[in-house]
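Let me begin by presenting the structure, written as structure tokens, before commenting on it.
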Amino acid sequence: ERTPVTLLGLGAMGTALARAWLAAGHPLTVWNRTPAAASALAAEGARIADTAAEAVAANALVVVCLLDDDSVDAVLEGTDLADTDLVNLTTSTPAQARARAEWARERGARYLDGGIMAVPPMIGAPEAGGYVFYSGSRGLFERHRQTLAVPSGTTYVGEDAGFAALHDVALLSAMYGMFAGAAHAFALIRKEDIDPAALAPLLADWLVAMAPAVHQTADHLRSGDYAQGVVSNLAMQVAGTPTFLTTAEQQGVSPELLSPYFDLMSRRLAVGSGEEGLTGVVDLLVR
Ligand code: NDP
9 ERTPVTLLGL GAMGTALARA WLAAGHPLTV WNRTPAAASA LAAEGARIAD
59 TAAEAVAANA LVVVCLLDDD SVDAVLEGTD LADTDLVNLT TSTPAQARAR
109 AEWARERGAR YLDGGIMAVP PMIGAPEAGG YVFYSGSRGL FERHRQTLAV
159 PSGTTYVGED AGFAALHDVA LLSAMYGMFA GAAHAFALIR KEDIDPAALA
209 PLLADWLVAM APAVHQTADH LRSGDYAQGV VSNLAMQVAG TPTFLTTAEQ
259 QGVSPELLSP YFDLMSRRLA VGSGEEGLTG VVDLLVR
């Protein structure tokens, strides 16, 4: 017998989650502010609740996937959460997640926060590699682990309800740094007779080859020895930065994405050892 699920919020993500649970045979009760989204799912076997309160009352496991933290307030206000297992997949800040955990506790609910590392097409498609970070009640996570694993992979990152959001933001922040670098690379060739489609696979392979460097950064941060195993040291890399900035200038490309990182490298070189790698930049960022 599959665990019954209540799902509040049928946007792009909520609808994908709903379809995955329905396809796996979980009894599903849904509610959405705009009813049209729910009616579409009725034909696929979902039970439609007329109100959010009715949906919450229907099952012990209640999942919400709404636009933002304010919409969670709007939807759950006036529902009876006593003794529910509340799983919030709405994107929020760590502080919002912690406050929501406390808010849920005051209402007698157990609470698990989630950060979705997937886009809707990756939901219900395990081969796509998407997953959800979970943090908060370990008991809730263990109890519903199998049900939660139906739409996407699950990665539990701790009892602190804010940790899922923090991991989510950390990974996406690194992604934006990568996209910033790729934007600069494409800008460099923009006015040349180089096909962006020829650069793209070279770029993708290079980024993949360089990505494991984060393991060395982690080792450095744990040991405090920022020179351990370093191949390309900071002194050499800082000496190389004029090549990048001059090339950008000559290609008519703004250095605005690259310069802040180079500035941090130079500042670290001024206070640290030239034999280090790039790990010292982390300490300059932490205020
Ligand atoms: P959508 O914009 O498609 O859906 C938003 C949902 O929130 C709808 O169900 C909408 O209801 C509801 N909603 C918004 N405001 C209110 C309100 N004031 N009161 C009640 N309901 C409200 O967003 P997604 O489904 O794509 O995203 C949902 C969550 O998932 C977000 O937190 C998002 O950050 C996260 N996420 C999304 C990803 C994506 O690629 N889509 C990837 C990773 C995370 P209505 O239909 O009535 O407007």
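If you're matching positions, the sequence shown starts at 9 in full-length UniProt numbering and goes up one per residue. Each residue gets a CB set at the ideal place from its N, CA and C atoms; glycine is no exception. All of these numbers come straight from a predicted model, not from anything done at the bench.
| Query | Result |
| --- | --- |
| Sheet register partners of M125 (DSSP bridge) | Y139 |
| R41: CB within 7 Å of a non-hydrogen atom of the ligand NDP | yes |
| Distance between A82 and residue 1 (C-alpha atoms, nearest Å) | Coverage of the chain is limited to positions 9 through 295, which leaves residue 1 absent and any answer about it impossible. |
| Cβ neighbour criterion (16 or more within 10 Å) applied to T92 | buried |
| Member of E110, A57, D121 and T37 whose CA lies at the smallest distance from the CA of D76 | D121 |
| Close Cβ partners of L89 (< 6 Å) along its chain, the five nearest in sequence each way excluded | R115 and A117 |
| Three-state secondary structure (DSSP) of T87 | coil |
| The ligand NDP heavy atom lying under 7 Å from the CB of M21 | yes |
| Short Cβ contact (8 Å threshold) for T87 with V64 | yes |
| 7 Å Cβ shell around H175 - same chain, five flanking residues per side excluded | G123, F141 and V165 |
| At least three beta-carbon pairs within less than 8 Å, the segment 47-58 to the segment 98-110 | no |
| A45 and I131 closer than 8 Å at C-beta | no |
| Q259 to A195 span [Cα, whole Å] | 8 Å |
| Distance cut-off 7 Å: D121 Cβ against heavy atoms of the ligand PLP | Ligands present in the displayed structure are limited to the ligand NDP, and the ligand PLP is not among them. |
| C-alpha gap between T14 and W111, whole angstroms | 19 Å |
| Contiguous beta strand (DSSP E) assignments of at least 3 residues, all confined to the segment 153-185 | 161-164 |
| Simplified DSSP assignment, three categories, for D203 | coil |
| CB-CB length for V239 against L277, believed under 8 Å | Contact flag wrong, Cβ pair sits at about 17 Å. |
| Segment contact, 8 Å Cβ cut-off, at least three pairs: the segment 206-215 with the segment 251-266 | no |
| Contact under 8 Å by Cβ, S143 with G170 | yes |
| CB contact below 8 Å: A191 versus chain C | Reference to chain C is not applicable here, since this structure consists of a single protein chain. |
| E150 versus G189, L84, L69 and E264, residue with shortest Cα-Cα distance | L69 |
| Complete alpha helix (DSSP H) runs within the segment 30-113 (minimum length 4 residues, chain order) | 44-50, 60-66 and 77-84 |
| Whole-angstrom distance between S281 and D233, CA atom to CA atom | 11 Å |
| Element boundaries [alpha helix (DSSP H), containing V251] | With the sequence shown as reference, residue 251 is identified as Thr, and Val is not the correct amino acid for it. L242 to Q258 is the span of the alpha helix (DSSP H), which, as asked, contains T251. |
| Buried or exposed by the 16-neighbour rule on C-beta atoms within 10 Å, applied to T42 | exposed |
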